[in-house]
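Student: The listed protein sequences derive, respectively, from chains V, C, Y and A. Heads up: the first sequence runs through residues 1 to 321, numbered per the numbering used here. Heads up: the second sequence runs through residues 1001 to 1321, numbered per the numbering used here. Heads up: the third sequence runs through residues 2001 to 2321, numbered per the numbering used here. Heads up: the fourth sequence runs through residues 3001 to 3321, numbered per the numbering used here. All C-beta atoms in this analysis are idealised placements derived from N, C-alpha and C, irrespective of residue type, glycine included. No experiment lies behind these values; they were computed from the predicted model shown. This is the structure I want to talk about, given as structure tokens.
There are 4 protein chains.
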Amino acid sequence: MTRIGVLTSGGDSPGMNACIRAVVRRGTSLGVEVWGIKRGFKGLINGEMEKLDNRKVGGIIQKGGTFLQTARCPEFRDPRMVREGVRRLNEAGIEGLVIIGGDGSMRGAFALHEMGIPVVGVPASIDNDVWGTDMCIGVDTALNTVLLAIDRIKDTATSHGRAFLIEVMGRESGYLALMGGLAGGAEAVLIPEKDTPLEEIARVVEEAYIKGKPHAIIIIAEGAKHKTQEVASFLTQDEVGFEVRTIILGHIQRGGSPTAFDRILASRFGVAAVDALVQGKTGVMVALVGNKVELIPLKEVISKTKGLEPEMIEMAEVLAQ
Amino acid sequence: MTRIGVLTSGGDSPGMNACIRAVVRRGTSLGVEVWGIKRGFKGLINGEMEKLDNRKVGGIIQKGGTFLQTARCPEFRDPRMVREGVRRLNEAGIEGLVIIGGDGSMRGAFALHEMGIPVVGVPASIDNDVWGTDMCIGVDTALNTVLLAIDRIKDTATSHGRAFLIEVMGRESGYLALMGGLAGGAEAVLIPEKDTPLEEIARVVEEAYIKGKPHAIIIIAEGAKHKTQEVASFLTQDEVGFEVRTIILGHIQRGGSPTAFDRILASRFGVAAVDALVQGKTGVMVALVGNKVELIPLKEVISKTKGLEPEMIEMAEVLAQ
Amino acid sequence: MTRIGVLTSGGDSPGMNACIRAVVRRGTSLGVEVWGIKRGFKGLINGEMEKLDNRKVGGIIQKGGTFLQTARCPEFRDPRMVREGVRRLNEAGIEGLVIIGGDGSMRGAFALHEMGIPVVGVPASIDNDVWGTDMCIGVDTALNTVLLAIDRIKDTATSHGRAFLIEVMGRESGYLALMGGLAGGAEAVLIPEKDTPLEEIARVVEEAYIKGKPHAIIIIAEGAKHKTQEVASFLTQDEVGFEVRTIILGHIQRGGSPTAFDRILASRFGVAAVDALVQGKTGVMVALVGNKVELIPLKEVISKTKGLEPEMIEMAEVLAQ
Amino acid sequence: MTRIGVLTSGGDSPGMNACIRAVVRRGTSLGVEVWGIKRGFKGLINGEMEKLDNRKVGGIIQKGGTFLQTARCPEFRDPRMVREGVRRLNEAGIEGLVIIGGDGSMRGAFALHEMGIPVVGVPASIDNDVWGTDMCIGVDTALNTVLLAIDRIKDTATSHGRAFLIEVMGRESGYLALMGGLAGGAEAVLIPEKDTPLEEIARVVEEAYIKGKPHAIIIIAEGAKHKTQEVASFLTQDEVGFEVRTIILGHIQRGGSPTAFDRILASRFGVAAVDALVQGKTGVMVALVGNKVELIPLKEVISKTKGLEPEMIEMAEVLAQ
């Protein structure tokens, strides 16, 4: 293998740049040329690519987002579009591909693999919803961003004696919400993985009020059954003691300079992905299992759903008392 | 004067604790006892107060919010409630009062002054909307929080090639939006002080797209004529090139450890307020004018409206190109 | 078991408070009373202790350091001092002990265990030098603090075209240096675990200069064979192209609000430690192995030395190119 | 005037990039071409320059350091070197110059002005030691970096009950030390502007110990009469109660993304400098006076020494109690 490509796809996450850097530098050290494909599968179809080298990826390890840019590309579900991508790769003499992204991107990666392109996936998504890996690139940074916001909101919540409902990202996963709630010392956490009745939330907030706590913080995953506004209305009508305010953290959760954890994970993943490609492996995703990097078949990755550890859900409740 | 009180009122802002600390320590150094009144005018009416000393305000200079807590208290517009407050102060032997808060709080301060209580106001509000002072306590911290959010959103905006509308606090003032836009390098800023037609905003965003800018950032003050959702709909319908996303920063702007500027301003204001009280001044507010702390009559403060400097508005436009 | 104690010992590390909070709240949920012992083994010997409850540990999860305070206590190596400690525990009716600290503290924990006190250790040390656990409480926060400093120094290094030698903590361990160097994109890392000749370092810096890199960053572990000043002198005499500057990060690495990772690890460790005590386990330390919390005999912990993974050392070199 | 140059000189400071951006964009809006000169006066002598435009300064407002790079250039005191610089400017058709830097740079600027080159200086220096302006670019960011370090060190100081001596930058000025001490709640501050005997420092630290304070923080300016190590030795010999530790903050004070204040100040200064040049003014420096930007003759700037406000020194002492 003498020339490989790398692309970032789907929602961006902090650490993608650190991963691209590792792919390029590991490629260079093995005598493999690395090409960057812009704007994910969209750019692949359009043939937007450029040769990268060690200097071009200098100074990017600390930058959020992805300098190759990214895009969501639903049309890549169409096999004719995948065929177009394969043609572009062949034209450019690119013999293998590293695809950095979330579970949708892993589907695209699998489609290319099935068309005969050597492909290794790298899980990157702040939602931590890719099956097979303990952590995706970007989760740790997003979690710390959520935490910083919770810490800030506690200042104002305490000053006014208020209950705050904080909605965090995660699509169908409650990972960010649960871990943010644990680390932020929240009174309750609402996640898609567990059904919490509105009455139960009201009881928790009211109890916090009665105990004399200076505030109550409720973290709500965007995919939770009860939506933030619905919870706010219920709490207000139920008169839980505290006045209620809501905040939707939104896209600030995607940005920011990656944490040490994300830079190191991204670096390990990038190196492992190139090594796998060079060793002739394809149709796999690099994954963190315990503290080892392993290879998992993409077929499994895209057919299974990652869940939360029940131990963590229980612990969050015990520590909130 | 041997015993004075201090309270924080209205919306909380970072640096209030640093100001309380300065009031207490300055009082102590002059042989004046300082009592803390909890929860603003609400706590005053209820007689919630405790004696403070130098040790009790140790370790709070770096904390956001206000450990005396605060509350909005519309009922304090009722003169009978003010009378209740005066009675509480007399009962407790409190001979003068430092009132830390925004323009609503300065109204309450003036009402107490008119009832014969020696009062000095201290402007604290992230909105920077108190007339007579260049800066209020908390503005600098809130501005840096806004900036951090803009910097983060730029990462994801660039990665996806998007336009982001970021709504910031400020009530009727565009200060945070304008300064945040200037410091954040935004493409446009929408503020209550200036009417920007929707077509003009669309033109700016489209131009940024044509120039090849990687993203467009629009900062919208909560008090701007066109509301965030309205602007988003217009830009989407008008097809400005970039996809459009919105984010409302909300209450994270109130919290956080105060910046150096806010801690120092708060300290200066606290010392000056006690000095003024002890020198027999009342019905005044401490204010930053240039880089001097001056005393301004509360009567003027509450009858005038602070505006923005046109020079800044113009500069924001020139530098956005 | 109806009453247990908790103490923090040795060098402080961020997340100790989160761990104390978890110990208290888990104890409460199991009907076990928790007493806090001040100033580590020193306070134990002096009988400085107070009863804790859920409210007393409210609002501390985000605070650096340890509110129970800590101390180094070399005299605890004397069995008579250990005996004194045992007497204090018996006097107070404390039936078991959670000891949070580094490897020296684990030695003290083992000594108490050998005197018949049920003891569970919790590894907390920014050096990550405790055998048996992948991570200690505080490492992730310290690493991110180091990273922030590296990112800052890069700004000035680039502006002046300089080589910077940055000395980081870690005692006999190179963990912080190696991981900081990896995540910070350093040109070279000097650690106790690997002997790097001065000529080799000079070669790396000179190569960076020749390649046109805007700066060179060298991270030096405090325990590395060649000391920072020695390296600086050698590089200056050897004329490596860049001007050379040094910085010793020092105690800023110990402080700061703990990261999400450290707060969650500390919480898991705290819960697991109480659970172990209640289940009658003693003479063990909670440890992170992969992503599970396990119990490791203290006897093993204190007799073995934790090393670095060679894979990481190699990766740091590949990515520095 | 149709073509001007801009350079950064001396020690770098955060916000220099924001200033260059403002110079370029203001120039563009007035139809003036702007050339960037690399590496300060050194690059000027060597003729290292490139044309800048609005896009080239996109995305730099948030970056620390200076992308034009900088250098100390003592040889520029030699009039023959200044003559060389003038020749380079004439060759390149550059009709005026914006020089961003500290007081040494203002001397260079004045020398060029005396040789007939239209020159406007912009004060940028974390030391805040340029006469005539209330604030230099970079001071606010450096101050907040100092503060972050103090806040961190307090965590560990409190946990161990220690006295910490923190040495901060500032050359002959005590500004950073005094303001950092004020904002950080330090027990004492040692600055070149005031002679504090060692016995006095020892007394303050011992008093803090006796009062039961959990720690003592002493900020020492690098230019203070008594050096950090000397103070540490004295306090240790004098047995002031607390154990003593020292830390030298060093170059981390120069880096980091500029604060809102610095970005806005830099932008205002950049715009004002170009406006002055275009209006035919020369031999002046832009300066912040109160909250207005004014022009001050360079001749005065370089012949006077900026001092500290005695009010601030006194306030720091009162609030430290």
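According to DSSP, Ile2037/Y sits in a beta bridge with which residue or residues?
Tutor: Note: Ile2037/Y sits in a beta bridge opposite Met2049/Y.
Student: For a minimum of 4 consecutive residues, which ranges assigned as the alpha helix (DSSP H) are wholly contained in the segment 3256 to 3312 of chain A?
Tutor: Within the segment 3256 to 3312 of chain A, the complete alpha helix (DSSP H) runs of at least 4 residues are 3260 to 3278 and 3298 to 3301.
Student: Hey, quick one: how far does the beta strand (DSSP E) through Thr8/V stretch, first residue to last?
Tutor: Element bounds for Thr8/V: Arg3 to Thr8.
Student: Could you work out which residues of chain C lie near Ile3313/A, taking near to mean beta carbons separated by less than 9 angstroms?
Tutor: Those within 9 angstroms of Ile3313/A in chain C number zero; the least Cβ separation is about 13 angstroms.
Student: If you draw a straight line from the C-alpha of Val2024/Y to the C-alpha of Ala2109/Y, how long is it?
Tutor: Their backbone Cα atoms lie some 19 angstroms apart in a straight line.
Student: Which residues in chain Y have a C-beta closer than 8 angstroms to the C-beta of Arg3025/A? List them in chain order.
Tutor: Near Arg3025/A there are no residues of chain Y at all, since even the closest Cβ is about 21 angstroms away, more than 8 angstroms.
Student: Following the continuous beta strand (DSSP E) through Leu1030/C, name the residue where it begins and the one where it ends.
Tutor: Counting along the chain, Leu1030/C falls outside any beta strand (DSSP E), and DSSP gives it neither H nor E.
Student: With distances taken from CA atoms, which of Gly3161/A, Gly3181/A and Arg3072/A is nearest Glu3243/A?
Tutor: Nearest of Gly3161/A, Gly3181/A and Arg3072/A to Glu3243/A, Cα basis: Gly3161/A.
Student: I'd like to check one pair, Ile3153/A with Ser3009/A: are the Cβ atoms closer than 8 angstroms?
Tutor: No. Outside cutoff.
Student: Closer than 9 angstroms, Cβ to Cβ, to anything on chain V: give me those residues from the segment 1242 to 1262 of chain C, in chain order.
Tutor: Within the segment 1242 to 1262 of chain C, the qualifying residues are Arg1245, Thr1246, Ile1247, Ile1248, Leu1249, Gly1250, His1251, Ile1252, Gln1253, Arg1254, Gly1255, Gly1256 and Ser1257.
Student: What does Ser267/V reach in chain Y if we use C-beta pairs closer than 7 angstroms?
Tutor: Going along chain Y in sequence order, the residues near Ser267/V (Cβ under 7 angstroms) are Leu2182, Met2315 and Leu2319.
Student: For a quick check, are the C-beta atoms of Thr1228/C and Glu1187/C less than 8 angstroms apart?
Tutor: No, these two residues do not count as a Cβ contact at 8 angstroms.
Student: Is there a Cβ from chain C that is less than 8 angstroms from the Cβ of Ile210/V?
Tutor: Not closer than 8 angstroms to any Cβ of chain C, the Cβ of Ile210/V fails to qualify, so no.
Student: For the beta strand (DSSP E) that Phe1164/C lies in, which residues bound it at each end?
Tutor: Unbroken beta strand (DSSP E) run through Phe1164/C: Arg1162 to Val1168.
Student: Taking Gly104/V as the reference, give the member of Gly40/V, Met179/V and Val274/V with the closest Cα.
Tutor: That would be Gly40/V, whose Cα lies nearest to the Cα of Gly104/V.
Student: Would Ala2124/Y pass as an interface residue toward chain A - the criterion being a Cβ-Cβ separation below 8 angstroms?
Tutor: No, no contact with chain A.
Student: Give me the chain Y residues within the contact set of Gly3108/A, using Cβ-Cβ distance strictly less than 8 angstroms, ordered along the chain.
Tutor: Those within 8 angstroms of Gly3108/A in chain Y number zero; the least Cβ separation is about 17 angstroms.
Student: Which residues of the segment 2041 to 2072 of chain Y have a Cβ closer than 9 angstroms to any Cβ of chain A? Give them in chain order.
Tutor: Flagged, chain order: Lys2063, Gly2064, Gly2065, Thr2066, Phe2067, Leu2068, Gln2069, Thr2070, Ala2071 and Arg2072.
Student: Going along the chain, which residues of its own chain have a beta-carbon closer than 6 angstroms to the beta-carbon of Gly241/V, five neighbours each way excluded?
Tutor: Result list for Gly241/V: Glu206 and Tyr209, in chain order.
Student: For Glu3075/A, does the count of other Cβ atoms within 10 angstroms reach 16, so buried, or fall short, so exposed?
Tutor: So Glu3075/A counts as exposed.
Student: Go ahead and pull the three-state DSSP assignment for Glu172/V.
Tutor: Residue state, collapsed to three classes: coil.
Student: Note down, one range per segment and in chain order, each beta strand (DSSP E) of at least 3 residues found wholly within the segment 2179 to 2263 of chain Y.
Tutor: Taking only runs of at least 3 residues, the beta strand (DSSP E) segments lying wholly in the segment 2179 to 2263 of chain Y are 2188 to 2190, 2216 to 2221 and 2243 to 2248.
Student: Establish whether the CB of Ser159/V and some CB of chain C are separated by less than 8 angstroms.
Tutor: Chain C contact via Cβ: present.
Student: Between Ile302/V, Ala163/V and Gly280/V, which has its C-alpha nearest Glu233/V's C-alpha?
Tutor: Note that residue 233/V is Ser in the sequence shown, not Glu. Selected option, being the one with the closest Cα: Ala163/V.
Student: Would you say the segment 262 to 272 of chain V touches the segment 129 to 149 of chain V, given that touching needs at least three Cβ pairs under 8 angstroms?
Tutor: Result yes; three or more Cβ-Cβ pairs closer than 8 angstroms.
Student: Using a C-beta cutoff of 8 angstroms, does Ile3228/A count as contacting chain Y?
Tutor: Here residue 3228/A is Thr; the residue named in the question, Ile, does not match the sequence. Cβ-Cβ to chain Y under 8 angstroms: no for Thr3228/A.
Student: By the 8 angstroms beta-carbon criterion, what residues does the segment 3131 to 3155 of chain A contribute toward chain Y?
Tutor: Cβ contacts with chain Y: Thr3145, Ala3149, Asp3151, Arg3152, Ile3153, Lys3154 and Asp3155.
Student: How far does the alpha helix (DSSP H) with Leu89/V in it reach, from first residue to last?
Tutor: Where Leu89/V is concerned, the enclosing alpha helix (DSSP H) stretches over Pro79 to Glu91.
Student: Relative to the C-alpha of Leu1235/C, which candidate in Met1049/C, Ala1202/C and Gly1059/C has its C-alpha closest?
Tutor: With distances taken between Cα atoms, Leu1235/C lies closest to Ala1202/C.
Student: Using 8 angstroms as the limit for Cβ to Cβ distance, is Met2169/Y near chain V?
Tutor: It does not: the Cβ of Met2169/Y has no partner Cβ on chain V nearer than 8 angstroms.
Student: What span of residues does the beta strand (DSSP E) with Gly101/V cover, start to end?
Tutor: Taken as a continuous stretch (DSSP letters only), the beta strand (DSSP E) holding Gly101/V covers Gly96 to Gly101.
Student: Measuring only between beta-carbons, confirm whether Asp2129/Y sits less than 8 angstroms from chain A.
Tutor: So no, Asp2129/Y is outside the interface.
Student: State the start and end residues of the unbroken beta strand (DSSP E) segment that holds Pro2123/Y.
Tutor: Per DSSP, Pro2123/Y belongs to the beta strand (DSSP E) from Val2119 to Pro2123.
Student: List the residues of chain Y that Asp3012/A touches, going by C-beta distances under 8 angstroms, in chain order.
Tutor: Those within 8 angstroms of Asp3012/A in chain Y are Asp2155, Thr2156, Ser2159 and His2160.
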